[in-house]
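Just add 4 to the spot in the sequence shown (first one is 1) and you have the working numbering. Positions of the beta carbon are idealized from the N, C-alpha and C atoms, including for glycine. Nothing here was measured: the structure is a model prediction, and the numbers come from that model.
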Amino acid sequence: MDKAKIEAGVKLILEGIGEDVGREGLLDTPARIARMYEETCAGNSEDAGVHLKKTFSVENSGMVVEKDIVFYSTCEHHMMPFYGKAHIAYIPDGKVVGISKLARTVEVYAKRLQIQERMTGQIADAIMEHLSPKGVMVMLEAEHMCMTMRGVKKPGSKTVTLASRGVFEEDGALKEQFFHMID
Ligand code: ZN
């Protein structure tokens with residue numbers, strides 16, 4: 005990541021909104037924001053496969069559900085936070101991963117400039133690719149600061165997105181079971 009570029013850019017934004025970039029409170033702001041992006045956009049240089057490649061064998065496992073995985077991401081349209089919970093279900097076909105790896109996978113895709121719809125699909129696709137399960141279902145519910153702090157200003161409103169792959173695509177009963185389990 006080019007921190008010097010971020011710092012120069014933040015300085016321009018501060019000047020653009022009419023701030024005095026030399027005043028005490030703002031002196032370190034460009035450098036601080038550059039360090040912040042290093043963390044909040046760290047997923048750009050990460051691959052979910054790193055977390056999902058260590059699998060364990062299981063036989064005849066039913067649905068595995070990991071719910072209420074808290075995430076923080078940044079919307080690519082306004083570069084403001086959106087945050088909420090991810091719920092993931094998959095039906096193993098012989099392979100499972102450690103539960104914390106699903107949360108790690110969510111992190112990889114959250115720590116980039118994102119739109120919620122794409123992030124939902126990326127998580128589902130990564131699990132399909134690395135675990136080859138019978139099916140995956142991912143649901144994200146999030147509050148977008150660009151909707152609650154500015155624009156239409158609807159605090160508390162949530163955007164819900166869903167991605168289904170494999171058996172979840174055709175089987176309505178499985179979907180129902182998923183919604184029951186995350187309720
Ligand atoms: Zn936005």
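Check                                                                                                                                         : Outcome
Specify the secondary structure class of residue 70 as computed by DSSP and reduced to three states.                                          : strand
What is the C-beta distance between residue 124 and residue 178, in whole angstroms, given that I count them as a contact (C-beta under 8 Å)? : With a Cβ gap of about 17 Å, residue 124 and residue 178 do not count as contacting.
Could you please give the first and the last residue of the uninterrupted beta strand (DSSP E) stretch that includes residue 169?             : 163-170
Apart from the five residues on each side of it in sequence, which residues of its chain come closer than 8 Å, Cβ to Cβ, to residue 106?      : 70, 73, 92 and 131
Let me know the secondary structure DSSP gives residue 134 once reduced to three states.                                                      : helix
Within 10 Å of its beta-carbon, does residue 42 have 16 or more other beta-carbons around it, so buried, or fewer, so exposed?                : exposed
Less than 6 Å separating the Cβ of residue 79 from some heavy atom of the ligand ZN?                                                          : yes
Could you tell me the alpha carbon to alpha carbon distance between residue 174 and residue 50, rounded to whole angstroms?                   : 32 Å
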